[in-house]
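Each remark here refers to the structure printed beneath this line.
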Amino acid sequence: MFEDLIQKLDVAVRKLRGMGKLTEKNIGESLRTIRRVLLEADVQYKVVKEFIARVQSKAVGEEVLRSVTPGQLVVKIVHEELVSLLGQANVPIRFGKTPPTIIMIVGLQGSGKTTFAGKLGRQLTKMNRHPMLVAADVYRPAAEDQLAILGESINVPVFSMRRTTPIKIVQEALVAARKQNCDTLILDTAGRLHIDEKMMSELDEMQQAVKPTEVLFVADGMTGQDAVRSAESFLNRLDFDGIVLTKMDGDAKGGAALSIRYVTGKPIKFISASEKLDSIEPFHPDRIASRILGMGDVVSLVEKAQEAADAKKMEKLAQKLRKQEFTFEDFFDQLQQVKRMGSLSQIAQMVPGLGRKVGGMQMDDDALVKVEAVIQSMTVEERQRPHIINGSRRKRIARGSGATIQDVNRLLKQFQMMQKMMKQMGRFGMKKFPGRVQMDF
Ligand SMILES: Nc1nc2c(ncn2[C@@H]2O[C@H](COP(=O)(O)OP(=O)(O)OP(=O)(O)O)[C@@H](O)[C@H]2O)c(=O)[nH]1
Ligand SMILES: [Mg+2]
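Residues in the sequence shown are numbered from -18 upward in steps of one, following the numbering used here.
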């Protein structure tokens, strides 16, 4: 899986990894190679463009630690952005509170729906569930037999009926499932060559009638951007909960996997690289990213170095606070750490008791960028001794950062308040300090 992509990215990334010094030129070269590799893998143009821009802007702002090379740091950033492109975390199938859970499988003709129904059935049995396969494809004559053979090979009951509508079949299957104590129904629906109105409205009706717990769209990974486009137009007509990427073996270049989440906003839930019934993997963005980049060692090395540096900085900060010497430089460092942890609102939610309080305040990440720009426009002296920032300096800082004078004034005022607060906290000990300081902006 992803063999071609892995090989080509490896070349680009290995070059980066060894770089002791990053210049705009060499980082630009590496990013251009990565860009080309992604485009060749059939990743959508817009996705590639944004990906590269994000890596670039992160790489430029990132502080290089002594224990890692700048190149290694960029590898880590590329990895982070890959994970984010793939969807951050695994989104498992939801099971209903009251059985049976209904999983409806939809997708274009030949994408691998029926095979996936078998793969899923097999996996659910391994999880000690009792699935039932439902042949809701009444159009292709052999569809029913195909499912019957699959069901037999994995020892899972198959429900089918002749000469009736798919909806009727599913309704009867529900009755049968209850009788046979099956807790999960897997509906194998008919494929379509294109997204035609008649078939779509039939799926629509089925969705309305049986209210499936999950609708999974099966996309043929081998078809690259076509898979992405069909997912997108399917979604315009029928809402689904997740995506299954099949046929990631053979010629699949990886483009579908890298674009489909971004384009549809729906998570990839499973990935499969063979027609064999045991070849199904829950989709874990971080694991896949590591596999694609093949640089797990570098990523964990940089993480460790960053953690160590953060711990050291925290200790220094604590000392400064004790001596009441907190400056804009320290504040800027704090902001960088916040950024590494995720978006401001995400972090706010993680701090107990704070989530609700900050809800009404301006906690958007754009504001953070602005604050950063203002601090960056200050001279070293101004950062260390903010009280010297008079009217004309404020004007200059505003101009330099693209902020208004009011923005600068507000930041200075907030900073003063923060210093004051810290003095008070300094007296009470420091345990809770880091979270609080970051949050008060
Ligand atoms: N290489 C490979 N082949 C697969 C995979 N999944 C399915 N296939 C093959 O793709 C073909 C179509 O698979 P089906 O499961 O019948 O596809 P479908 O979506 O149910 O097709 P229709 O019911 O006709 O719409 C079969 O020959 C499968 O053996 C996979 O992950 N890798
Ligand atoms: Mg089928």
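Built from N, CA and C at the ideal position, the CB exists for glycine as well.
- Residue pairing from DSSP leaves A233 without any beta-bridge partner.
- Within its own chain, the residues whose Cβ lies closer than 6 Å to the Cβ of A98, once the five positions on either side in sequence are excluded, are I86, L114, I167, D169, listed in chain order.
- Secondary-structure assignment with DSSP links L166 through a beta bridge to I83, M113.
- Assigned with DSSP and collapsed to three states, L105 falls in helix.
- Counting the other CB atoms within 10 Å of its CB gives H368 a total below 16, which places it among the exposed residues.
- In terms of Cβ geometry, S141 and A116 form a close pair [threshold 8 Å].
- Taking the Cα of P112 as reference, the smallest distance to any Cα among V119, R103, T245 is reached at R103.
- Within the same chain, V244, T245 come within 7 Å of E213 by CB-CB distance, once the 5 residues on both sides are set aside.
- Counting along the chain, the unbroken beta strand (DSSP E) around T227 starts and ends at 223 to 227.
- Not one heavy atom of ligand 2 lies closer than 7 Å to the C-beta of K100.
- Taking 8 Å as the cut-off, the beta carbon of E195 is found closer than this to the beta carbon of R75.
- Not a single heavy atom of ligand 1 lies less than 7 Å from the C-beta of T204.
- If you look at F215, you'll find it in the alpha helix (DSSP H) that goes 206 to 218.
- Counting along the chain, the unbroken beta strand (DSSP E) around I252 starts and ends at 249 to 252.
- When the Cα atoms are used, L393 and Q69 turn out to be separated by approximately 36 Å.
- Its Cα nearest to that of A190, the residue P147 stands out among P147, R380, Q(-12).
- DSSP places D23 outside both helix and strand once states are collapsed to three, so it counts as coil.
- DSSP places E195 inside the beta strand (DSSP E), whose first and last residues are 195 to 201.
- The DSSP-derived three-state label of G132 is helix.
- Taken through DSSP and simplified to helix, strand or coil, E125 comes out as helix.
- A check of alpha carbon separations from D164 across E5, L105, L174 identifies L105 as the nearest.
- Note that the C-beta distance between G205 and K234 is below 8 Å.
- Linking M359 to D314 through their CA atoms gives a straight-line distance of about 14 Å.
- At least one heavy atom of ligand 2 sits closer than 7 Å to the Cβ of T95.
- With contacts defined by Cβ atoms closer than 8 Å, G52 and L128 do not form a contacting pair.
- According to DSSP, G88 shares a beta bridge with V199.
- The DSSP-derived three-state label of V191 is helix.
- A straight line joining the alpha-carbon of A270 with that of V64 spans about 6 Å.
- Here L219 really is in contact with M181; their C-beta atoms are around 6 Å apart, less than 8 Å.
- Going by beta carbons, V209 and M187 fall outside the 8 Å limit.
- About 7 Å separates the CB atoms of S382 and Q357; that is less than 8 Å, so the two are in contact.
- Distances taken from the Cβ of K394 to the heavy atoms of ligand 1 include none shorter than 7 Å.
- Listed in chain order, the non-local C-beta contacts of N136 below 8 Å within the same chain comprise T106, local neighbours out to five positions each way being set aside.
- Ranked by Cα distance from E363, the options F396, K301, I176, T385 are led by F396.
- Here S38 is exposed: its Cβ has fewer than 16 other Cβ atoms, across all protein chains shown, within 10 Å.
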